[in-house]
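Asks: My structure is below; once you've seen it, I'll send some questions.
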Amino acid sequence: MSEASTLITVRLLGSEYRVACPPDEIDELHAAAAYYDERLHEIRDGGRVTGPERVAVMAGLNLCYELLRLRRDSEATTELATIGLERLLHQVEASLSKISEAPL
Numbered sequence: 000m001s002e003a004s005t006l007i008t009v010r011l012l013g014s015e016y017r018v019a020c021p022p023d024e025i026d027e028l029h030a031a032a033a034y035y036d037e038r039l040h041e042i043r044d045g046g047r048v049t050g051p052e053r054v055a056v057m058a059g060l061n062l063c064y065e066l067l068r069l070r071r072d073s074e075a076t077t078e079l080a081t082i083g084l085e086r087l088l089h090q091v092e093a094s095l096s097k098i099s100e101a102p103l
């Protein structure tokens with residue numbers, strides 16, 4: 000464990016785990032653990048997956064799928080924003096060019 004890390008305890012499906020974490024990331028780690036625990040309970044309580052290991056695997060896969068989908072959507076949004084900004088920049092440059100060419 001690094002000197003800059005702090006040991007914290009998180010609870011997942013009723014079991015406690017000690018995790019090393021930088022002090023400035025403790026709140027985020029607690030939030031992530033709470034979110035993961037919520038997802039674990041949803042899957043376990045759904046009744047279709049049994050056993051804590053399978054529940055953990057399914058929750059992990061679901062979260063990875065969610066992350067990849069969000070990344071894809073974010074990339075698409077960034078691409079659309081870039082295209083829109085390039086068009087706007089072109090329009091501004093064209094307008095400035097017309098203004099600078101206009102007789103005084």
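Each residue of the sequence shown is one higher than the one before, starting from 0 at the first, in numbering that gives the first Met the number 0.
Ideal Cβ positions, reconstructed from N, Cα and C, are used throughout, including at glycine.
Check V18 in the structure and name its three-state DSSP category.
Replies: strand
Asks: Can you tell me where the alpha helix (DSSP H) holding T76 begins and where it ends?
Replies: 51 to 100
Asks: Roughly how many whole angstroms lie between the Cα atoms of I98 and E74?
Replies: Each residue's alpha carbon lies about 36 Å from the other.
Asks: Which term fits I42, buried or exposed, when burial requires 16 or more other beta carbons within 10 angstroms of its beta carbon?
Replies: With 16 or more other Cβ atoms within 10 Å, it is buried.
Asks: Assuming V9 contacts A32 (C-beta within less than 8 Å), just tell me the rounded distance between them.
Replies: The beta-carbon separation of V9 and A32, rounded to 4 Å, stays under the 8 Å limit for a contact.
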